[in-house]
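Just so it is clear: in the sequence shown, position 455 is 454 by numbering that gives the first Met the number 0, and no numbers are missing. Even glycine gets a Cβ: it sits at the ideal position worked out from N, Cα and C. Since we're looking at a predicted model, the values are computed, not measured.
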Amino acid sequence: MYLTTKQSDHWAYIALLLSAAFLRWWVPGGIPLTSDEISALLRLDSPTFSHLMEHGVAVDGHPPLVQIFLYYYVPICGGSVFLIKLPFVLISVLAVHQMYWLTKQWFGKSAAFWAAGAMAVLPFFIYYGQVARPYGPGLNGTLWMAQMWFFLSKKEQVKRGHWVQWVLAAWICAYSHYFAALQAAFLWLSAGFWWPAQRRLAWGVSGAVMLAGFAPYLPYFLHQLSMGGIGGPDGWLGTPEPRFVWDFLSYLFAFSPLLWGSAGFLALCALYMHSEKAMHLPKSSFWLLLAFIFPQAVGYGYSVWVNPVLQPAALLFACPFLLLFLSKGLSSFPKSWGYAFTGIWLTFSVVWAQGFRKHHELMGKEPFKGLSLDAQKQSLNPDTYVALDIPEKRWDFFGGESFDRVHLSPEISELGASVNYPRLSVGVFPSSNHDVLFRARRSHPYLSHRLDLLGGTRWLWTKHPKEKSIAPRWRYAFDNGTHSFFNTPHAQRLEYSKSLELMAKRHDLGKNDVLFAAFYFRSNEKADNVELVSEWYSENDRVHWKSAKAEKLRQQVWVCYLTLPLADVWKSQEDLWRILVWNPSQVMLKAERLYMECWPGNPILYGLHEEI
């Protein structure tokens, strides 16, 4: 018995939705909560709705829709991670359905299978479909508004319900994510330029209603706008570089040359199809590209001139229009060719992302859960002292017990109690003080094991040589005994860029590696004002500076420890890097040894956004 074409399309569509759902649930060991999700859940502890708005929403950088939903939903589901994530995974699958419907209306079934399939299987969409954050609702709001744009752009009579949905979709965007609101603003503005003239009045009224619906939240929006935080002096996000879009597209297509090349081929086909007749919206290549570029152009300008806010997650709501543009190129293929291309492309995407890049393992390596559970496991060994840089509330969230050998403090550099234990387990994050690893090695000189998580690393040190790891865990970089006296109020240069170039050639440094420097010297005087200084220059501008004061190691022997995560400073091998010793008190000292080691950093730290 043979299936008809309609039946085949029907079952293929069902298989597509099931694949999208499976890939969003398939996480070895169970899907955990990310740092952002835990932060949102901790801010739900509010006795009243007004308290939630002041202390759970206003302090965040997002509109309130998801936080309000969680406020009422989490008590019902009992805190189950599965149930917390369930609505967000479902609306992520709903977005795949909406992408299919939208593309089918514009460019046909074969194009629709490719566009919806890309949203179903690409790691970028999978990751943001797994988190209980504003991304899923904002993406669905954007797609819903685009569907209404399609209906209202026609010259035929439209239903009143389409106008209602048009406004509701805009409100969902505005109350979900500010970049989704920016996407909604583009859709409304472009409608004013290209919709039929008889709709201009209704278009203007709809815009006024949209603004009126957002007006109650306006004071909170202005407050969040004034906070900064995500970027700027007090923030964690840097100003985007000119190649931001290129890097984002690499991330979107899973850093695969084949996926990149095929997307470029579809783009050329879409541009080739462009004609004067195609200028009639919504099928214009120009309009689809503009819908993708507009929000990121605004975000880039705001990030450069006001406050950094642009990051890959912000472009999630613009990506459907890029997929629409690329699917237009596929619609020029014969139908059988289009289906064949889509099947091969989607198969390779899944094999590449899940088989080679192992994207499904990244969520299972979420640091707060992973380090918490690992710390509990390590603490069961009476010979092991556990030091973990994790906030106490997050430790409690994962059911962490209180035991004496777990150091729950943001500053874990004090490891004095650990010297009485044969083993020392240290858990650190990118924001941790990595100097603690030098101190750990000083008391426990042998590295037994290292566990890399999605943003954190656990190091297990031991005092016994027989327990050290067979594989080398760090790479020797540079050692220089100067054996010279100097007495000067000025900085004394000890090494400069040639040593770094030598390391780069020999060890292929990566930006997630960590550079450790130690300066040992002797002095009969108090020398705690002596500092080891690192300076990094790019095109004659100092882009990074760090110093470490001397500590007394033993009688007349002092040491300066300096830790440099290369992600903070790494630009190119042409930059100038200097290690200096600053002796402002002009004490007499003898420099005995300066040495540096480059330790491989966490390869998963940049796993979501950069090529592993």
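Check, Outcome
"Can you give me the Cβ contacts of residue 150 inside the same chain, cut-off strictly under 7 Å, excluding the 5 residues immediately before and after it?", "157, 161"
"Could you check if residue 542 is buried or exposed, using at least 16 other CB atoms within 10 Å of its CB as the buried criterion?", "exposed"
"Tell me which residues share the same chain as residue 462 and place their Cβ nearer than 6 Å to its Cβ, disregarding the 5 neighbours each side in the sequence.", "421, 443"
"What residues are listed by DSSP as bridge partners for residue 324?", "According to DSSP, residue 324 bridges with nothing at all."
"For residue 104, is the classification buried or exposed, using 16 other Cβ atoms within 10 angstroms of its Cβ as the cut-off for buried?", "exposed"
"Rounding to the nearest angstrom, what Cα-Cα distance links residue 526 and residue 546 in this structure?", "15 Å"
"Rank 197, 173, 177, 194 by C-alpha distance to the C-alpha of residue 212 and give the top, closest one.", "173"
"Put residue 467 into one of helix, strand or coil per three-state DSSP.", "coil"
"Identify whether residue 451 lies in helix, strand or coil by the three-state DSSP scheme.", "strand"
"Where are the alpha helix (DSSP H) runs, 4 residues long or more, that stay fully inside the stretch 191-232, in chain order?", "199-213, 217-226"
"If distances are taken between C-alpha atoms only, which option among 130, 514, 290 comes closest to residue 182?", "290"
"Are the Cβ atoms of residue 34 and residue 396 separated by less than 8 Å?", "no"
"Count the other C-beta atoms from every protein chain shown that fall within 10 angstroms of the C-beta of residue 155, then say buried if there are 16 or more, exposed otherwise.", "exposed"
"Quick check on this structure: which residue in 548, 23, 38 has the alpha carbon closest to the alpha carbon of residue 81?", "23"
"Which residue spans inside the stretch 22-101 form an unbroken alpha helix (DSSP H) run of at least 4?", "34-41, 48-51, 64-76"
"Which value, in whole angstroms, describes the spacing of the CA atoms of residue 552 and residue 418?", "15 Å"
"Quick one: measure Cβ to Cβ for residue 522 and residue 586, integer angstroms, because I've assumed they're closer than 8 Å.", "6 Å"
"Give the straight-line distance between the Cα atoms of residue 335 and residue 11, rounded to the nearest whole angstrom.", "14 Å"
"Candidates 54, 18, 206: which alpha carbon is nearest residue 668's?", "Shown here, the chain extends from 0 to 611; a query on residue 668 therefore has no answer."
"Please confirm whether residue 270 and residue 114 have their CB atoms less than 8 Å apart.", "no"
"Pick out the complete alpha helix (DSSP H) segments inside the stretch 239-304, 4 residues or longer, and give them in chain order.", "243-251, 256-272, 284-304"
"For residue 350, which of 467, 121, 303, 300 has the nearest alpha-carbon?", "121"
"Is it the case that the Cβ atoms of residue 424 and residue 386 are separated by a distance below 8 Å?", "yes"
"Quick check: the stretch 40-47 against the stretch 58-69, are at least 3 beta-carbon pairs closer than 8 Å?", "yes"
"Taking residue 248 as the reference, give the member of 187, 325, 180, 284 with the closest Cα.", "325"
"Please return the same chain residues whose Cβ sits closer than 8 Å to the Cβ of residue 166, not counting the five positions on each side in sequence.", "205, 208, 209, 212"
"Report the rounded CA-to-CA distance for residue 258 versus residue 9, giving the unit in angstroms.", "26 Å"
"Could you please give the first and the last residue of the uninterrupted beta strand (DSSP E) stretch that includes residue 544?", "540-548"
"With C-beta atoms as the reference, is residue 131 less than 8 Å away from residue 75?", "no"
"For residue 107, name the three-state secondary structure that DSSP assigns.", "coil"
"The alpha helix (DSSP H) with residue 349 in it runs from where to where?", "334-349"
"Can you give the Cα-Cα distance for residue 548 and residue 528, rounded to whole angstroms?", "6 Å"
"Alpha carbon to alpha carbon, what distance is there between residue 440 and residue 580?", "23 Å"
"Under 8 Å, with one C-beta from each stretch per pair, do the stretch 327-343 and the stretch 307-316 reach the 3-pair mark?", "no"
"Hey, residue 370 and residue 426 are a contact pair by Cβ (cut 8 Å); roughly how many whole angstroms apart?", "4 Å"
"In the DSSP assignment, what residue or residues form a beta bridge with residue 517?", "560, 594"
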